[in-house]
Amino acid sequence: MTGIRVLDFGRYIAGPYCAALLADLGADVIRIERAGGGEDRWVAPVADDGAGAMFLVMNRNKRAMTLDPACPEGREIVKRLVATADVVVANLPPEVLRALALDLDSLRRVKPDIILTTVTAFGAGGPWSAKHGFDGIG
């Protein structure tokens, strides 16, 4: 996958693991998280700085940056990154993707051939699509 750039907006397991597999195969993966680190950074701390085991495993072989895609400056940076990317990975709810302009329509306005990989708890459509979750149920 050398030469493929992936933007990783994933959190916890599904999105980051997907992007980690692509990084393991040689893709240039950039993890994007909020300033101070995403909420999944501190789960089960094992490192001296408090970083968690899951975070360290799920974000191997990746570069990382922080920004706020909800603010105008952050949106501009995301647009510039998307223009250079091949794939966006996000396991955020559909309404969050739309609010952050990370849904497929918004991304394709920046780069028509971008690939968006999403993982949601209850699918992208249907009566439960707006429900949040990331763990097995049932």
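With my numbering applied, the sequence shown corresponds to residues 210 to 347, in that order.
A virtual CB, placed ideally from N, CA and C, is assigned to each residue, including glycine.
Predicted, not measured: the structure shown is a model, and the values here were computed from it.
What does the alpha-carbon distance come out to for the pair residue i and residue j?
i	j	result
glycine 335	alanine 260	36 Å
proline 321	leucine 265	33 Å
alanine 333	proline 302	8 Å
arginine 284	histidine 341	23 Å
leucine 234	valine 291	21 Å
alanine 299	asparagine 270	18 Å
tryptophan 337	valine 305	15 Å
alanine 339	arginine 307	12 Å
glycine 245	alanine 236	25 Å
valine 296	glutamate 248	23 Å
glycine 219	aspartate 257	24 Å
leucine 313	alanine 253	33 Å
alanine 228	glutamate 282	25 Å
With DSSP as the reference, label residue i as helix, strand or coil.
i	result
glycine 430	Residue 430 falls outside the range modelled here, since the chain spans only 210 to 347, and no answer is possible.
proline 254	strand
alanine 279	coil
leucine 244	The residue you asked about is not leucine; residue 244 is alanine in the sequence shown. Three-state result, alanine 244: coil.
alanine 292	helix
arginine 269	coil
Which residues mark the beginning and the end of the alpha helix (DSSP H) in which residue i is found?
i	result
arginine 317	313 to 319
isoleucine 222	No alpha helix (DSSP H) contains isoleucine 222, which DSSP labels as neither H nor E.
threonine 329	Counting along the chain, threonine 329 falls outside any alpha helix (DSSP H), and DSSP gives it neither H nor E.
glutamate 304	303 to 308
Starting from residue i and walking both ways along the beta strand (DSSP E), at which residues does that stretch end?
i	result
alanine 299	296 to 299
Given that a residue counts as buried once 16 or more other Cβ atoms are within 10 Å of its Cβ, and exposed if not, what is residue i?
i	result
cysteine 280	exposed
threonine 327	buried
methionine 267	buried
glycine 224	buried
Provide the residue(s) that pair with residue i in DSSP beta bridges, ordered along the chain.
i	result
aspartate 237	Arg214
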